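74 is the number of the first residue of the sequence shown in our numbering; add one for each residue after it.
Idealized CB from N, CA, C, for every residue including glycine.
Just so we're clear, the structure is a prediction, and the values are computed from it rather than from any experiment.
I have placed the structure first, in the form of structure tokens, so that the comments after it can refer back to it.
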Amino acid sequence: MCRIVVFTGTCTQCSGTFIWDDLSQELSCLEAKNVGQFGQCRRGVAKEEHVYDQECEQCAAENKADEGVGGMEEEEEEADNDKPYDPWAALDDMKNQSDKSKKGKEVDGQRTNKKQRTS
Numbered sequence: 074m075c076r077i078v079v080f081t082g083t084c085t086q087c088s089g090t091f092i093w094d095d096l097s098q099e100l101s102c103l104e105a106k107n108v109g110q111f112g113q114c115r116r117g118v119a120k121e122e123h124v125y126d127q128e129c130e131q132c133a134a135e136n137k138a139d140e141g142v143g144g145m146e147e148e149e150e151e152a153d154n155d156k157p158y159d160p161w162a163a164l165d166d167m168k169n170q171s172d173k174s175k176k177g178k179e180v181d182g183q184r185t186n187k188k189q190r191t192s
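In structure tokens:
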């Protein structure tokens with residue numbers, strides 16, 4: 074038996090009733106696949122309906138256009154690009170990080186370095 078799964082529901086904004094075609098599926102049984110057409114089997118088609126509420130395309134487009142937050146990322150990227158690249162500053166940062174990892178910690182005013190144990 075072939076199955077058709079249909080998602081129906083209402084828009085959360087305008088309360089209109091819709092069938093969500095993007096989510097709906099036609100699932101052919103083996104007999105229908107062998108014949109080559111959906112629903113062309115002895116048992117026919119079983120229809121399953123599922124409730125699914127979401128915004129319709131029109132309301133989603135209106136809300137997206139109304140948000141007013143677009144372009145924030147682009148402005149931040151442009152501000153970062155205004156600074157000239159300094160390769161020496163990057164090299165100094167790398168040296169400072171490696172110097173910090175090489176230094177031991179102080180215990181009672183004396184510096185101790187950790188060594189790896191070998192067995």
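With burial defined as no fewer than 16 other Cβ atoms inside 10 Å of the residue's Cβ, what is the status of residue i: buried or exposed?
i	result
Ser101	buried
Ala54	Because the chain in this structure spans residues 74 to 192, residue 54 falls outside the shown range and cannot be described.
Can you tell me whether DSSP reads residue i as helix, strand or coil?
i	result
Glu128	coil
Gln170	helix
Lys188	coil
Leu103	helix
Have a look at residue i and residue j and give me their C-alpha separation to the nearest angstrom.
i	j	result
Glu121	Ser88	22 Å
Val124	Ala138	27 Å
Leu164	Gln170	10 Å
Val108	Arg115	11 Å
Asp126	Cys75	26 Å
Ser97	Gly117	18 Å
Asp95	Leu103	24 Å
Ala134	Val79	24 Å
Thr83	Pro157	53 Å
Ile92	Ile77	13 Å
Quick one: measure Cβ to Cβ for residue i and residue j, integer angstroms, because I've assumed they're closer than 8 Å.
i	j	result
Gln113	Ala105	5 Å
Asn136	Glu130	Not a contact, Cβ separation roughly 11 Å.
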